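Report on one structure; see the data block that follows.
In the numbering used here, the protein residues as written are 592 to 899.
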């Protein structure tokens with residue numbers, strides 16, 4: 592008989608991978624390539640089925656953008672299917688699964704259903720605000736799945752030496768601030784990508800968020816040497832943040848700065864700009880995912896009587 596925790600762990604990891612790599616990645620490509628309204632129909636695809644794999648026909652009739660949009664909808668459906676199975680499994684095995692895990696899985700399902708409805712509204716209404724909220728909702732799904740992956744890990748029940756409560760309280764405040772700023776920055780980034788926001792506002796938020804995250808990394812590296820998982824998360828976060836800053840500079844240089852006209856061929860320039868913009872978006876999602884891991888670790892396994 593399979594261990595329910597192992598099954599939930601595999602489903603959580605699969606859902607997180609599909610959400611980041613496919614759903615967010617392809618969704619970011621749609622915005623970068625400006626093909627969000629490749630076809631204004633939902634749920635049918637220009638009279639075709641969501642589950643059809645008629646990519647050649649789509650590309651020939653409606654252009655390459657319709658293929659990207661169709662693939663995004665299919666990836667989102669796959670995410671929803673995995674989370675549906677995950678949530679259903681927690682209820683089927685409710686006698687063996689903690690109520691916390693069941694609630695997290697259920698909320699993940701509710702939010703991903705809401706995401707699907709937002710995606711439909713974005714298409715049918717062609718509303719940029721809904722598109723921005725749809726992008727932000729994807730980040731919330733990622734954060735919930737990160738927590739599910741952590742709580743279903745075989746090492747989650749490990750205990751650690753008590754930590755000075757003053758250090759914990761300080762780190763909690765800064766990780767809370769980091770999470771709030773990350774979501775605010777993701778909102779400003781989505782607004783900018785949909786041409787509804789200002790670059791200056793996004794830049795200010797990006798710098799502020801980066802400084803706060805760097806301070807969180809500093810606190811963990813210097814004050815919490817006896818908590819290996821948290822230090823591991825902090826190292827990973829430092830690498831991701833450095834990569835994201837580099838991608839941000841590249842996005843500015845190629846989309847708004849001195850390298851805008853560096854590539855003379857228009858098609859090549861468009862592809863390079865779209866790839867960098869999508870890479871920057873994915874970098875932001877990964878920074879959020881790792882910061883969520885740090886935030887949740889601090890809130891649960893550092894404080895006394897918080898082990899689960």
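Positions of the beta carbon are idealized from the N, C-alpha and C atoms, including for glycine. Remember, predicted model here, so these are calculated numbers, not experimental data.
Would the segment 685–695 count as touching the segment 662–674 if we require 3 or more Cβ pairs under 8 Å?
no
Measuring alpha carbon to alpha carbon, tell me which of 745, 632, 744, 775 ends up nearest residue 900.
For the chain, the structure presents residues 592 to 899; residue 900 sits outside this window and is missing.
Is it true that the segment 706–716 meets the segment 854–862, where meeting means three or more beta-carbon pairs spaced less than 8 Å apart?
no
Selected residue, minimal CA-CA separation from residue 698, among 736, 720, 721, 684:
736
contact_flag[the segment 837–847, the segment 722–733] where n(CB pairs < 8 Å) is 3 or more
no
Pick from 820, 772, 824, 819: whose alpha carbon is nearest that of residue 799?
772
Tell me whether residue 745 is buried or exposed, calling it buried when 16 or more other Cβ atoms sit within 10 Å of its Cβ.
exposed
With a threshold of 6 Å on Cβ separation, who are the neighbours of residue 782 within its own chain once the five nearest residues in sequence on each side are excluded?
723, 788
Identity of the residue in 617, 599, 608 nearest residue 868 by Cα
617
Taking a contact to mean a Cβ-Cβ separation below 9 Å, would you say residue 832 touches residue 885 in this structure?
no
Leaving out five residues before and five after residue 706 in sequence, what residues of the same chain have Cβ atoms less than 6 Å from its Cβ?
728
Span of the alpha helix (DSSP H) holding residue 719?
First-last of the alpha helix (DSSP H) with residue 719: 719–742.
Use the C-beta contact count for residue 651: other C-beta atoms within 10 angstroms, 16 or more gives buried, fewer gives exposed.
exposed
DSSP three-state label for residue 698, please.
The three-state reading of DSSP puts residue 698 in helix, counting H, G and I together.
Quick check: what's the CA-CA separation for residue 791 versus residue 841?
Near 16 Å, if we compare the C-alpha coordinates of residue 841 and residue 791.
Are the CB atoms of residue 606 and residue 810 within a distance shorter than 9 Å?
No.
Can you grab the Cα-Cα spacing for the pair residue 597 / residue 822, in whole Å?
25 Å
To the nearest angstrom, report how far apart residue 741 and residue 653 are at their CA atoms.
Using only the alpha carbons, I get a separation of about 42 Å.
Less than 9 Å between the beta carbons of residue 865 and residue 623, yes or no?
yes
Reduced DSSP category for residue 836 - H, G, I as helix; E, B as strand; rest coil:
helix
Mapping the DSSP letters down to three states, classify residue 595 as helix, strand or coil.
helix
Nonlocal neighbours in the same chain, by C-beta distance under 7 Å from residue 678, ignoring five residues either side:
696, 697, 699, 700
Taking 9 Å as the CB-CB cut-off, is residue 676 touching chain D?
The structure shown contains no chain D, having only a single protein chain.
Within a Cβ cutoff of 7 Å, which residues of the same chain sit near residue 682, ignoring the five residues on either side of it in sequence?
If we look at residue 682 and ignore the five residues flanking it on each side, its Cβ neighbours are 693.
Here's the rule: buried if 16 or more other CB atoms are within 10 angstroms of the residue's CB, otherwise exposed. What is residue 888?
Classification for residue 888: buried.
Whose C-alpha, out of 814, 720, 704, is nearest the C-alpha of residue 673?
704
Would you give the residue range spanned by the alpha helix (DSSP H) that residue 674 belongs to?
Residues 655–683.
Go through its chain and collect everything with a Cβ distance to residue 603's Cβ below 7 Å, but skip five positions before and after it.
677, 736, 739, 740, 743
Separation of residue 873 from residue 747, as counted between CA atoms
27 Å
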